[in-house]
Each structure stands twice: as C-alpha cells, then as structure tokens.
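Undergrad: So that we are looking at the same thing, I have put the structure below in structure tokens.
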Amino acid sequence: MELPSCDASGSCDGTILFWHTATGWYKGTFQGPTEGVNSVAYSPDGKTLASGNRDNTIRLWDAVTGQHKQTLEGLTGPVFSVAYSPDGSTLAVGGLDHAIRLWDAVTGQQKQILEGHAGWVSSVAFSPDGQTLVSTGTDAIRLWDSVTGRQQQINSWHTTLIQFVAFSPDGSTLASAGRDTIRLWNVVTGKTKRMLEGHTDGVTSVAYSPDGRTLVSGSHDRTIRLWDAQTGRHKATLQGHTGMVNSVAYSPDGRTLASGSQDDTIRLWDAVTGRLKQIAVGHRVWITSVTFSPDGRTLASGSADKTIRLWDAATGRHKGTLEGHTDRVNSVAFSPDGRILASGSKDGTILLWTAEPTVIAPSASR
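Numbering (the numbering used here), first residue to last: 1 to 366.
Here it is as structure tokens:
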C-alpha cells in the first residue's frame, strides 16, 4: 500500500522549523527523524509538541525551546495521526500498523493498543469531554471508550473514502463527510441520526458552530451550506464564490463564518443572516485553509501561492504576509493560547510563527 505523501502535515527531511514573525529571524529547528514527519499536535497547554513520524516513532518536543524531550517507540509502521486528549493526559496515535495506541503523555508509557481496523488508521480525535476516541481508516469510522479501550461502535455506511469527521461541541454527535454525503451519527448508539443531502458535488470541509446548533459545509459545487445540526434541515445556501470552497471556519463567538476558495478569495459572512460582510483579496492563487485565532481577532489563510496571510477578522483588512515556504501551504492552525501559528506545506516543512507579525520574509533573514 502506498504511504501518504509528505505534504500537508509533514516534513520529508525530518525537520520542524521555527521563525519569529515580528522580526523575520529564524528561531530554531526541531531536528526530527531523517525519514520525515507526518503529523504534529500541540498539547492543550501549548507546552509540548508531538510529532508522528515515518520512522515508526512519536517524538515529544518542548514547544518553547525546541528541546527534544522524549521518543515513544514500539510501533510497527509509520505514524499518520497524533492527538492529545482534552486534559492533556493521553496521546492517541494512529498509523500503518492498523492499530490505535494510547500513551501516557506525562510518563511516556504505552497504556493500551486498540485493534480492529482492517487497514491503516488515517486520523484520530478525542471528543470534547475526552471520554470517546474516534478513528477513521480505509475500512470504517470506529468509536472507542478512551478509558477502557472498549470499542463502542463501528460506522461504515459511507460508500466512499471518509474525508472529514467532527464532533459537535457537546460530544453527542459526530459528523462525517465523504464524497457521497454528510452523515450525523449518535455517538452513544452509533446510529445515523441524519443524512444531509443537497450539495451537487463533493464536500470539502465541515465545521460545527461553537454552540453546536449549526453545521456548515463547503463543497466543490462552489457553495457553502448551513444545516440545523439537530434536525438536519437545510437552513441557507451561501453563494458568491466562483471556484470550489476548500475550507470553512467559524469565529470563536459564532458570529462570523469564513470561507476560502479556489477563486483566490476569502469571504466573511454573517453566520446568523448569511449576509456577505467582507471579501478579502490578496492571495495570488487559490486558498487552501482558513482558521480564526482563539480570541477571534485574526483570521489566518494558507494558499497555493506559498504564503500565509493574516487578516483583521472584523474588517477584512490585511495585517501581514508570512513567507518562507517554497510550495503550496496546505494547512494553518493556531496554538491553544493563540501565540503560535503553525503552517504545513507541500514543500515538506512545518513552520511555526509567532502570531503578531508585520510583513515578513523570514527566509531572507536567517
């Protein structure tokens, strides 16, 4: 089976790089495995960065100093996904060996091995209360009791590859999106609660509103759709993009919805009325990822033009451009305290930036 390429979440040269965005100074390098990094995750307190690697290990790093703290070994295949429990006590790992492994995030001791997937595990995620772990693979979505390790449910009704999964804020519902449809699952019973149909092409992104009442989806059909998360009723269709919608995100207060598109624009919408508030223009080619800072004041966007741009989330005003990647930026994410922005690129690197920049070109200022 072909391994996932080193792009959106990993570095094929085994390094994780840090830059200071206020000055453009190179801050340091996390020297990882020579075979590359597939996945990274912050601990909830932002003090530790975990990397899942192609050499069958997980490495834990001090997120402030870059010091290597510990290497977790014992896997029999490359690691594709790592995730911390909400309380930071457990690290879940999924990979090519068809199993999910749970580690004590403090001691580094392996706690459990969860087996059942018939193929490699592509992603793992904890419910908001930390009681349930979801894993997706080439065969199914599986739900596990994160304390006992007992498998709770197996959901395999999608007829195509599962593209995305997301827990509702209260943890009672799991939304999954394949190219065929969006399904809402009861986390306790494992039964389908709702099937959301209406997009005329593949779903690219799904997200819950902070209050859990609305689910938003972006699609290849160039629209954003809002759904009642309880009833599955279609509430609104937001139109205006002239290219497929690659990424959607709610602001932390739930009042604004951001969408990034292949038409090279970011649109900010009133999440209640559906009214278009702002169009942010500046990227030279299509937008891959959008995310709000935890305080809701800044929107970060990644693009195929190799840059990350920061925008004032209220006005849409351009605040800064982060340059340093040599290929498409596939993913952007803020640390829990909002002080660090991580970007993953097709160039095989992960860059970490402090989150209050001017206009930056770090590669020219090493």
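Glycine included, each C-beta is placed from N, C-alpha and C at the ideal position.
1. Using only CA atoms, which one of Ser176, Thr48 and Thr71 lies nearest to Thr57?
2. Runs of 3 residues minimum, wholly inside the stretch 264 to 343: which ones carry the beta strand (DSSP E) assignment?
3. Put Leu351 into one of helix, strand or coil per three-state DSSP.
4. Would you mind sorting Thr378 into buried or exposed? The rule is 16 or more other CB atoms within 10 Å of its CB.
5. Leu174 lies in the beta strand (DSSP E); which residues open and close that run?
6. For Gln112, which of Ala118, Gly94 and Pro128 has the nearest alpha-carbon?
7. Could you give the C-beta distance for Ile308 and Val329, rounded to a whole number, given that I count them as a contact under 8 Å?
8. Ordered along the chain, which non-local residues of its own chain (more than five positions away) have a Cβ less than 8 Å from that of Trp61?
9. On the DSSP bridge assignment, give the partners of Thr192 in chain order.
10. Can you tell me which of Val188, Pro169, Thr204 and Ala92 puts its alpha carbon nearest to the alpha carbon of Gly178?
11. What are the start and end residues of the beta strand (DSSP E) that includes His98?
12. Label Gln278 either buried or exposed according to how many other C-beta atoms from any shown protein chain fall within 10 Å of its C-beta, with 16 as the threshold for buried.
13. Under the three-state reduction of DSSP, which class applies to Glu73: helix, strand or coil?
14. Put His234 into one of helix, strand or coil per three-state DSSP.
15. Where Gln131 and Ser343 are concerned, what is the direct C-alpha to C-alpha distance, given to the nearest angstrom?
16. Whole-angstrom Cβ separation of Leu91 and Gly77, contact assumed at under 8 Å?
17. Cα separation between Thr237 and Asp45?
18. Quick check: the Cα distance between Lys191 and Tyr84, rounded to an integer number of angstroms?
19. I'd like to check one pair, Ala41 with Val82: are the Cβ atoms closer than 8 Å?
20. Apart from the five residues on each side of it in sequence, which residues of its chain come closer than 8 Å, Cβ to Cβ, to Gly243?
21. May I have the straight-line CA-CA distance separating Thr315 from Asn246, to the nearest angstrom?
22. My output table needs one value for Asp87: the three-state DSSP class, helix, strand or coil.
23. Do Ala168 and Ala229 have their C-beta atoms closer together than 8 Å?
24. Can you tell me which of the three DSSP states Gln67 falls into?
25. With DSSP as the reference, label Gln152 as helix, strand or coil.
26. Within a Cβ cutoff of 8 Å, which residues of the same chain sit near Gly274, ignoring the five residues on either side of it in sequence?
27. What does DSSP give as the partner residues of Gln112 in its beta bridges?
28. Going along the chain, which residues of its own chain have a beta-carbon closer than 6 Å to the beta-carbon of Ala280, five neighbours each way excluded?
29. What are the boundary residues of the beta strand (DSSP E) that includes Ala125?
30. Output the distance between the C-alpha atoms of Thr107 and Ser89, rounded to the nearest integer angstrom.
31. Which residues in the same chain have their Cβ closer than 7 Å to the Cβ of Lys346, if we skip the five residues on either side of it in sequence?
32. For a quick check, are the C-beta atoms of Phe292 and Ser251 less than 8 Å apart?
33. Assuming Ala166 and Val206 make a contact with CB atoms under 8 Å, what is their CB distance in whole Å?
34. Out of curiosity, what's the CA-to-CA distance linking Glu197 and Gly320?
35. Please determine, among Gly324, His318 and Pro294, the residue with the shortest C-alpha to C-alpha distance to Ala304.
TA: So, from the data block:
1. Nearest option by C-alpha distance: Thr71.
2. List check, beta strand (DSSP E) in window: 265 to 270, 276 to 281, 287 to 292, 298 to 303, 307 to 312, 318 to 323 and 329 to 334.
3. In the three-state reduction of the DSSP assignment, Leu351 falls in the strand class.
4. In the structure as shown, the chain begins at 1 and stops at 366. Residue 378 is therefore absent and cannot be evaluated.
5. For Leu174, the uninterrupted beta strand (DSSP E) run begins and ends at Thr173 to Gly178, by DSSP.
6. Comparing alpha carbon positions, the residue from Ala118, Gly94 and Pro128 closest to Gln112 is Gly94.
7. Rounded, the Cβ-Cβ distance is 6 Å, consistent with contact.
8. Taking C-beta separations shorter than 8 Å and ignoring five residues to either side along the sequence, the partners of Trp61 in its chain run Ile16, Phe30, Thr48, Leu49, Ala50, Ser51, Gln67, His68 and Lys69, following chain order.
9. Beta-bridge pairing by DSSP links Thr192 to Trp185.
10. Ranking the options by Cα distance to Gly178, first place goes to Thr204.
11. For His98, there is no enclosing beta strand (DSSP E), since its DSSP letter is neither H nor E.
12. Answer is buried; the Cβ neighbour count reaches 16.
13. Three-state DSSP puts Glu73 in coil, outside helix and strand.
14. Correct three-state label for His234: strand.
15. Cα to Cα, Gln131 sits roughly 29 Å from Ser343.
16. Actually they do not touch by this definition, with Cβ atoms about 17 Å apart.
17. Roughly 37 Å between the two C-alpha positions.
18. Approximately 26 Å between the Cα atoms of the pair.
19. Yes; because the gap between Cβ atoms is below 8 Å, this pair is in contact.
20. Correct list, in chain order: Arg222, Ser261, Gln262, Asp263, Asp264 and Trp286.
21. Answer to the nearest angstrom: the Cα atoms are 22 Å apart.
22. Here Asp87 carries a coil assignment [DSSP, helix/strand/coil].
23. A quick correction: the sequence has Ser, not Ala, at residue 168. Cβ distance < 8 Å, so Ser168 and Ala229 count as in contact.
24. Note: Gln67 maps to coil in three-state DSSP.
25. Reduced to three states, the DSSP call for Gln152 is strand.
26. Once the five neighbours on either side are set aside, the close Cβ partners of Gly274 are Leu226, Ala236 and Leu238.
27. Looking at the DSSP output, Gln112 sits in a beta bridge with Leu102.
28. Cβ contact annotation for Ala280 (same chain, cutoff 6 Å, sequence separation greater than five): Ile266, Trp311 and Gly316, in chain order.
29. Counting along the chain, the beta strand (DSSP E) containing Ala125 begins and ends at Val121 to Phe126.
30. Distance between Thr107 and Ser89, taken at the CA atoms: about 9 Å.
31. Taken in chain order, the residues that qualify are Asp7, Asp327, Arg328 and Asn330.
32. Contact flag set, yes.
33. A Cβ-Cβ distance of about 6 Å is found for the pair Ala166 and Val206, placing them in contact under the 8 Å criterion.
34. So the alpha carbons of these two residues sit roughly 38 Å apart.
35. Measuring from the Cα of Ala304, the nearest candidate turns out to be Gly324.
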